[in-house]
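Visitor: Counting with mature numbering (1 follows the signal peptide of the UniProt record, and there is no 0), you get residues -23 to -1, 1 to 609 for the letters of the sequence shown.
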Amino acid sequence: MFLNRSQILSIFIAQLCFPLTYAKPKKVEGCPNLGDLESQNEVSAAQLNSLILCFCEELENSEAEVSFLYGSNVTHLEKAGDAIKKANLKLTKINMQHMEFPATGMPDFVKFAPNLRDLNIRECANQEEVKISPTTFDGLEGSLKNLSIYSCNIPIIPPSISKLVNLEQLDLGKNKIEKIPKEPIETLQKLKYLDLSGNFISKADDDSLGSLKNLETLVIGEHNYFNETLEAEIGKLKGLKTLDMSRCDGIFEPPMSLFNEIPQLEVLKLSGCSIGGLEPGAFAVLKNLEQLDLRVNLIENVSAFSFDGLEKLKKLSIAGNYIHEINDGLWEGLKSVEELDIGWNEIKQVPEGAFKSIGSTLKTLNLRHNPVVSMNNTGAGNLATLTLSECGLTSLNSDLFKEYKKLESLEVSHCNVSKVEPNAFENQKDTLKSLKIMKNKITSLPNTVLNDLPLLEELDTSENPFQCDSELTNFISAVEQRHKTAANEKKEFLFSNANATICDRPYKLHGKLLMELDTSTLEEYDPDSDTTTVPPTTDKPPPEIESGTTTPFKIPDLNIGANTNDSLFKEEPKRKVYDLNGTDDTSLDGGQSPYVIPITIGVIALVSLIVIAAVVLFILVRLNFAERFGFF
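In structure tokens form, the structure reads like this:
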């Protein structure tokens, strides 16, 4: 269909007279949007006084989210609910942190938010238990889907949640719950996520957890006690995909009998338990497992085939244990592992072929905080990310990294590296994007660190004792040139922590930023002429002191008032630095009490003031006596 000239003209006039309008976010009086408040140049005192201790944000479909600030209470909740209602919005999400509830407990939330979908209450300010009445959630049966009551000292799972039949997520972490009862739980048939960590749970009623047929994630560690009743209930969760028992008490070995009941698990977290070793086939039944977390246990020995059967495992972490050695046999059965974290152990040697069986899939390897001194021919040639922080390396050269030709990110920080060879990263010239060599003992760097790495996007060389001499000029120039090239070509390049990349020697440049140096003034370093004293900046000779002269002693002014000399007794003797390793802090300064000198000075001051007061009083008495008897 074609429009004639008159129709086109009428449409043009209509647009001119009635331009299109775009909906602006509605403002909630007294509860501003945080983004809008930050964008204002000035905020009046009246605006600040009208705030309700909350921030409001308009969501889609005329819905609103409110977040309450520290120190807020139920009165602020009531005011915010009214303000949101006046703005013609529906309050569907409430976030409360450090809110203080009255002695009567939590209010009936339907009064403020009849359409409430998400209620997040965390770290209640009350010192005692926060009470939850039977009517707290009345009226929200159809709308509330996500509920969190975290760290509010509640001793039981609230019976009133049994009405929330549409609940999908429930977080009751860090409370004082001792038992998992059946009644409030069994009606939550749509529940997919349950967090009961940080409680004191040691018992679970029959068919309490087991009734949750749709539960996919269970977080139940952190000081809860794993026993037969808990194991039996978890074993009934045939739809469970993620089980987090981190820091759970009572776990001294992988609970293989539990694994037999829930072989469908995809994520298993057992960090912070008391597992002492791993036996062959400990996890073999978990054929669908993709992530396994065994950090911070007591593991010393890992038997060959310990991970046999985990063909789908992609991420494995056994960091923070006491493992002394590794070999290729440890990884038997792992066909898909991409990320391996074995940091914070006691591994000194990485033998040849240590990762050969998983080398074709391994992309990320973390060996931080191990005294490793070599990484040659390990079989991990497909690595994209390698972390060697806090290691035993003393130098970086091409032989060390020649195997890792696909490396994109490399971190060798907090080590003892003092030298970086010019060709150290020649095998990564076509791949390396991030290089972090901070907090070592590096005094100089070749410009090839940058010039031979055209894809480098981030370089961190901070907190090294740089020797700022003519030899360092080329490196500084290379950094400056890379910044210019990146800007011109609109590429990314970040010289991270430039404010912590400073000179150590020579002393005259100590503390100066590398990137603020005038490279034309840098000289060849001469350690013999370098001193710890800044050279004098003037040729004027020091003033001569006449022989036989003395400095006159001046009595300090003790008058009270604006002109008082307040320097008397102000300087205190220097105190020794506190020794954290010391076991006896009662004998400082050669056995004398550290308070003797200050007390002595204080006593002298007090006596002096008393004497002066007595003299003044005596003079006043004499004057009064003379006036009475006519001596004046």
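Don't be surprised by glycine CBs; every beta carbon is placed ideally from N, CA and C.
With a cut-off of 8 Å on the beta carbons, I'd call Asn204 and Ser174 a contact; round off their distance for me.
Guide: In fact, because the Cβ distance is near 16 Å, the residues do not count as touching under 8 Å.
Visitor: Only counting runs of 3 or more residues, tell me where the beta strand (DSSP E) segments fall wholly within the region 364 to 441, in order along the chain.
Guide: Runs found: 386 to 388, 411 to 413, 435 to 437.
Visitor: Using CA atoms only, rank isn't needed, just tell me which of Lys289, Met415, Gly187, Ile61 is closest to Thr364.
Guide: Cα-wise, what sits closest to Thr364 is Met415.
Visitor: Taking only three categories from DSSP, how would you classify Arg345?
Guide: In this structure, Arg345 counts as coil in the three-state DSSP scheme.
Visitor: Express the C-alpha separation of Ala477 and Ser137 in angstroms, rounding to a whole number.
Guide: Cα to Cα, the separation comes out at about 55 Å.
Visitor: Please go through the same chain and pick out, in chain order, the residues whose beta-carbon is closer than 6 Å to the beta-carbon of Ile589, but skip the five residues on each side of it.
Guide: Nothing listed; no residue qualifies.
Visitor: Hey, would you say Tyr127 sits closer than 8 Å to Glu105, going by beta carbons?
Guide: Contact flag unset, no.
Visitor: Give a yes or no on whether the C-beta atoms belonging to Thr338 and Thr362 are separated by under 8 Å.
Guide: Going by C-beta atoms, Thr338 is not nearer than 8 Å to Thr362.
Visitor: Starting from Glu40, follow its DSSP beta bridges and name the residues at the other end.
Guide: In the DSSP output, where bridge partners are listed per residue, Glu40 has Lys67.
Visitor: For Asn476, name the three-state secondary structure that DSSP assigns.
Guide: Note: Asn476 maps to helix in three-state DSSP.
Visitor: Starting from the Cα of Asn424, find the closest Cα among Lys153, Ser366, Asn451 and give me that residue.
Guide: Comparing Cα positions, the closest option is Asn451.
Visitor: Can you give me the C-alpha to C-alpha distance between Asn353 and Lys291, rounded to a whole angstrom?
Guide: Distance between the alpha carbons of Asn353 and Lys291 is about 24 Å.
Visitor: Do you know whose CA, among Ala331, Pro431, Asn441, Pro483, lies nearest Ser447's CA?
Guide: Closest by alpha carbon: Pro483.
Visitor: Per DSSP, what are the beta-bridge partners of Val196 in this structure?
Guide: DSSP, once it has assigned bridges, lists Asp172, Asp221 as partnering Val196.
Visitor: With DSSP run on the structure shown, which of helix, strand or coil describes Tyr484?
Guide: The answer is helix: DSSP assigns Tyr484 an H, G or I state.
Visitor: Taking C-beta to C-beta, are Phe177 and Leu141 nearer than 8 Å?
Guide: No, these two residues do not count as a Cβ contact at 8 Å.
Visitor: Based on DSSP bridge pairs, tell me the residues matched to Asp270.
Guide: Asp270 is bridged to Lys246, Ser294.
Visitor: If you follow the beta strand (DSSP E) that Phe284 is in, where does it begin and where does it stop?
Guide: Segment: none, Phe284 is in no beta strand (DSSP E) and carries neither H nor E.
Visitor: Within 10 angstroms of its Cβ, does Gly249 collect 16 or more other Cβ (buried), or is it exposed?
Guide: That one is buried.
Visitor: So what's Asp318 in DSSP terms, helix, strand or just coil?
Guide: Note: Asp318 maps to strand in three-state DSSP.
Visitor: If you reduce the DSSP assignment to three classes, tell me which class Glu163 lands in.
Guide: Here Glu163 sits in helix by DSSP.
Visitor: Are the beta-carbon atoms belonging to Pro281 and Glu309 less than 8 Å from one another?
Guide: A quick correction: the sequence has Ala, not Pro, at residue 281. Yes; because the gap between Cβ atoms is below 8 Å, this pair is in contact.
Visitor: Let me know the beta strand (DSSP E) ranges lying completely inside the region 72 to 151, each 3 residues or longer, listed in chain order.
Guide: 95 to 99, 123 to 127, 146 to 148, all fully within the region 72 to 151.
Visitor: Going by Cα to Cα distance, which pick from Gly369, Glu145, Gly358 is closest to Asn191?
Guide: When each option's Cα is compared against that of Asn191, the closest is Glu145.
Visitor: Assuming contact is defined by CB atoms lying nearer than 8 Å, are Ile295 and Ile319 in contact in what I supplied?
Guide: In this structure, Ile319 lies closer than 8 Å to Ile295 by Cβ.
Visitor: Is it right to say His53 is buried, meaning 16 or more other beta carbons lie within 10 angstroms of its own, or is it exposed?
Guide: His53 should be labelled buried.
Visitor: So what's Asp183 in DSSP terms, helix, strand or just coil?
Guide: Coil at Asp183, not helix or strand.
Visitor: Please report the Cβ distance between Leu433 and Leu449, rounded to the nearest whole angstrom; I am assuming they are in contact, meaning their Cβ atoms lie under 8 Å.
Guide: Not a contact, Cβ separation roughly 18 Å.
Visitor: Just checking my contact of Lys264 with Gly297 at CB under 8 Å: how many whole Å lie between their CB atoms?
Guide: About 27 Å separates the two Cβ atoms, so there is no contact after all.
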